[in-house]
Amino acid sequence: LNRRAVLEQLDRELLRGARRGTPAAVLMGDLDHFKAVNDTYGHGAGDSVLRETARRLKQCVRAYDSLGRLGGEEMLCVLPECNAAVAATVAERMGNVLSQTPVPTSAGQVPITISIGIAATDQFPRAPAEQLVRAADFALYRAKHGGRARSYLAPAEDFAAGKGGGHS
Numbered sequence: 035l036n037r038r039a040v041l042e043q044l045d046r047e048l049l050r051g052a053r054r055g056t057p058a059a060v061l062m063g064d065l066d067h068f069k070a071v072n073d074t075y076g077h078g079a080g081d082s083v084l085r086e087t088a089r090r091l092k093q094c095v096r097a098y099d100s101l102g103r104l105g106g107e108e109m110l111c112v113l114p115e116c117n118a119a120v121a122a123t124v125a126e127r128m129g130n131v132l133s134q135t136p137v138p139t140s141a142g143q144v145p146i147t148i149s150i151g152i153a154a155t156d157q158f159p160r161a162p163a164e165q166l167v168r169a170a171d172f173a174l175y176r177a178k179h180g181g182r183a184r185s186y187l188a189p190a191e192d193f194a195a196g197k198g199g200g201h202s
């Protein structure tokens, strides 16, 4: 999905979850050192890496989960009926699937890893979509600064204290 479609899907799932009393989670993923992929292997190889990344990530989620590109090499995954603990398991699976096998491209084999930020409504009850995405973005920032190739669960107390931010 594109940015608008995945964010609209998040809005729908949060409304559905609120009516049903079920949690939802978001994973915000960013390929590690993707600029170096483009610089080393070329933009054609970078495009191949993005397509293969999407294919592999889709294999890690259920048919009714949503996966979309926010921009660049940044992705958002919406996991309905999923709490923070299950979302962390999904994020770990995604990281493993991407890192285990380099992506074959016309320029050669490209190794890839991903950093993932996790936020869920069981941590942030009644949070609007924007707040949940900001929490996942902050968790992604922490994953990147914690060494990359890892996932990080947004702690509710950090976000409540106003420590949210970007990872650019």
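For the sequence shown, the working numbering begins at 35 and goes up steadily by one. In this text, a Cβ means the ideal position worked out from N, Cα and C, and glycines have one as well.
Bounds of the beta strand (DSSP E) holding Y186 are S185 to L187. Within its own chain, the residues whose Cβ lies closer than 6 Å to the Cβ of L44, once the five positions on either side in sequence are excluded, are V112 and A163, listed in chain order. Shown here, R103 sits in a strand according to DSSP, grouped into three states. Two segments are said to touch when three or more pairs of C-beta atoms, one from each, lie closer than 8 Å; by this definition the segment 140-153 does not touch the segment 94-106. Ranked by how close their Cα comes to the Cα of R182, the residues Q157, Q143 and S133 have S133 in first place.
Nearest to E108 by alpha-carbon distance, out of V124, T155, A88 and A121, is A88. In the DSSP assignment, Q134 falls within the alpha helix (DSSP H) that extends over A118 to Q134. Secondary structure at G151: strand, using DSSP grouped into helix, strand and coil. A residue is called buried when at least 16 other Cβ atoms come within 10 angstroms of its Cβ; Q157 meets this threshold and is buried.
Taking the CA atoms as reference points, V124 sits about 20 Å from V83. Shown here for T56: same chain residues with a beta carbon closer than 6 Å to its own, the five before and five after excluded, namely E115 in chain order. Per DSSP, the continuous alpha helix (DSSP H) segment holding G51 begins and ends at R37 to R54.
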